[in-house]
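**Q**
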Amino acid sequence: FLIGHALGIETSCDDTAVGIVTSSRVILSDCIHLQSHLHEPKGGIVPTLAMVSHRKSLPTVIRDAVEKARVDVLRDVDIIAVTRGPGLGPCLGVGVDAAKSLACVLRKPIIGVHHMEAHALTPRLLNPLLSFPYLTLLISGGHTLILLTRRVNTHTILSTTIDDSIGEAFDKVTRLLNLPWLPGRSGGPGATLERYASLGDASKYNFPIPMTKDKSQLQNSNMSFSGLKTAVKYLIEEEKLDVEDEEVRRDLAAAFQYAAVEHLIGKLRLCIKECCKGELDVRKLVCSGGVARNGFIRERLNKLAMEYDLELFFPPPELCTDNGVMIAWAGIERYQCGLIDDYFFEQIPKWPI
Ligand code: KG4
Ligand code: ZN
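Under UniProt numbering, think of the first position of the sequence shown as 13, with each following residue one higher.
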């Protein structure tokens with residue numbers, strides 16, 4: 013199952029992305045058409061707008077990725093990989109239909125990729141020394157998961173959020189503070205909040221760390237972010253805080269980010285204590301997904317990894333947020349395990365990992 017090049021297509025949410033990668037870990041192209049300008053005025057991602065935009069852009073993004081990589085699709089591309097789920101159904105459908113047509117006509121194998129699995133495998137593209145098993149902290153707009161990754165497609169959930177994802181909480185607080193989204197690929201609402209937080213004083217406001225009320229909550233490995241978001245909302249209303257005031261915005265952002273990250277680190281600590289001992293003795297920690305771009309989280313994780321003597325792996329920021337490269341790489345990993353699909357498969361919007 014040794015192969016050369018994979019073309020990966022990602023349309024699960026609001027970015028139309030295509031990447032071409034070799035099995036010897038060379039990224040040949042990484043093309044994205046962003047849609048944030050469509051969704052920002054609406055205050056969040058609108059699925060139908062996203063789907064129409066994918067349909068419009070995907071053909072040219074595929075063409076750009078092929079041209080940039082300087083490959084002959086017929087001769088050089090060995091597999092077509094595409095995000096099969098989880099994600100927005102109609103958006104996934106655009107990518108899956110395009111990938112099936114391409115693969116079928118070109119007579120190439122097609123691989124349906126699990127989006128979160130692709131996030132978890134991305135650090136292996138960048139570092140050949142990252143072998144299984146490892147702990148994976150997946151923090152994105154759609155998910156917040158702590159996994160024990162044993163193999164390419166074997167991920168045991170150790171912890172998950174019982175309500176909002178951490179990315180959703182960042183996005184909602186950005187909206188409460190009436191902040192603009194950062195434009196471009198480094199952007200998104202969470203990135204704006206991080207920038208404000210980095211200039212603020214977290215001690216000005218005191219938000220309770222989620223799930224620390226009593227012993228049973230402290231020992232429960234699951235996460236919860238919706239109460240924290242509501243606490244920010246209530247504080248603004250009760251104290252009649254002026255969210256147009258830059259200092260108020262910065263301090264609120266810093267206090268929220270501190271509480272959210274303390275919560276994340278607390279639950280990760282429980283999972284580390286469970287897995288990084290005895291027979292299993294996991295010694296590696298991976299952090300991936302859009303929120304893994306966050307510098308404050310990276311700093312805290314570095315300290316935690318040192319404390320437990322774990323090796324820490326992050327993808328570079330541009331490969332943390334959704335991209336086609338991670339789908340191409342996950343396709344290669346799946347293909348090498350013999351996991352190949354047929355030309356009739358459908359998207360799976362709710363696909364458990
Ligand atoms: O992985 P991703 O691109 O899409 C999903 O699969 O959900 O993650 C997007 C999420 C958004 O919620 C975005 O606001 C957040 O990642 N994000 C950040 C930062 N950059 C992006 N959150 C916190 N700090 C950042 N610097
Ligand atoms: Zn993602």
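Quick reminder that beta carbons are idealized off the backbone N, C-alpha and C, glycines included.
1. Confirm, please, whether the CB-CB distance from T166 to L331 is below 7 Å.
2. Is the beta carbon of S171 within less than 6 Å of some heavy atom of the ligand ZN?
3. How is C288 classed by DSSP in three states: helix, strand or coil?
4. Count the C-beta pairs between the stretch 142–149 and the stretch 293–313 that are closer than 8 Å, then say yes if the count reaches three, no if not.
5. Looking at the unbroken beta strand (DSSP E) that takes in H155, where does it start and where does it end?
6. Can you tell me whether DSSP reads M223 as helix, strand or coil?
7. Does the pairing of the stretch 196–208 with the stretch 44–56 give three or more beta-carbon distances under 8 Å?
8. My understanding is that P98 touches H66, with C-beta atoms under 8 Å, so please give their C-beta distance in whole angstroms.
9. Is there at least one Cβ from chain D nearer than 7 Å to F325's Cβ?
10. Considering only residues of the stretch 270–330, which uninterrupted beta strand (DSSP E) runs meet the minimum length of 3 residues and lie entirely inside it, listed in chain order?
11. Measuring only the C-alpha atoms, how far is E345 from V164?
12. Skipping 5 residues on each side, what residues in its chain have a beta carbon closer than 6 Å to that of Y208?
13. Can you tell me the Cα-Cα spacing of V89 and V33, whole angstroms?
14. Would you report the Cα separation of R75 and L240, rounded to the nearest angstrom?
15. So, at 7 Å on beta carbons, what are the nonlocal neighbours of V85 in its own chain, with the 5 sequence-adjacent residues on each side left out?
16. Since I believe A181 is in contact with F237 (beta carbons under 8 Å), could you give me their beta-carbon distance rounded to a whole number of angstroms?
17. In the DSSP assignment, find the alpha helix (DSSP H) that holds S233 and state where it starts and stops.
18. Nearest to L142 by alpha carbon, out of L324, Q359, A342?
19. Which residue wins for smallest C-alpha separation from C43, given the options L19, K54, S35?
20. Rounded to whole angstroms, what's the CA-CA distance from F13 to G212? Just pull it up for me.
21. Could you tell me if G290 is buried or exposed, where buried requires 16 or more neighbouring beta carbons within 10 angstroms of its beta carbon?
22. With H, G and I counted as helix, E and B as strand and the rest as coil, what does DSSP make of D183?
23. Looking only at C-alpha atoms, which of D321, L282, A110 sits nearest to T172?
24. What first and last residue would you give for the alpha helix (DSSP H) that runs through G202?
25. Could you have a look at E22 and say whether DSSP puts it in helix, strand or coil?
26. Kindly identify the DSSP beta-bridge partner or partners of C43.
27. Please report the straight-line C-alpha distance between Y246 and K216, rounded to a whole angstrom.
28. Could you give the first and the last residue of the continuous beta strand (DSSP E) run that contains L170?
29. What did DSSP end up calling Y347 once you bin it into helix, strand or coil?
30. Fully enclosed by the stretch 46–99, which beta strand (DSSP E) runs are 3 residues long or longer?
31. Would you identify the three-state DSSP class for Y246, choosing helix, strand or coil?
32. With C-beta atoms as the reference, is I352 less than 7 Å away from R312?
33. Alpha carbon to alpha carbon, how far is P121 from Q348? Give it in angstroms, no decimals.
**A** Straight from the coordinates:
1. no
2. no
3. coil
4. yes
5. Where H155 is concerned, there is no enclosing beta strand (DSSP E), given that its DSSP letter is neither H nor E.
6. coil
7. yes
8. Between H66 and P98 the Cβ distance is about 16 Å, and since that is not below 8 Å, they are no contact.
9. Looking at the structure shown, chain D is missing, and only one protein chain is on hand.
10. 296–300, 323–325
11. 7 Å
12. R261, R262, A265
13. 9 Å
14. 44 Å
15. V78, L118
16. 4 Å
17. Careful: S233 lies outside any alpha helix (DSSP H) and carries neither H nor E.
18. L324
19. L19
20. In this predicted model, F13 has a pLDDT of only 49, less than 50, meaning its place in the structure is not dependable enough to derive any value.
21. exposed
22. helix
23. L282
24. 201–210
25. strand
26. V30
27. 16 Å
28. 166–172
29. helix
30. 89–97
31. helix
32. no
33. 12 Å
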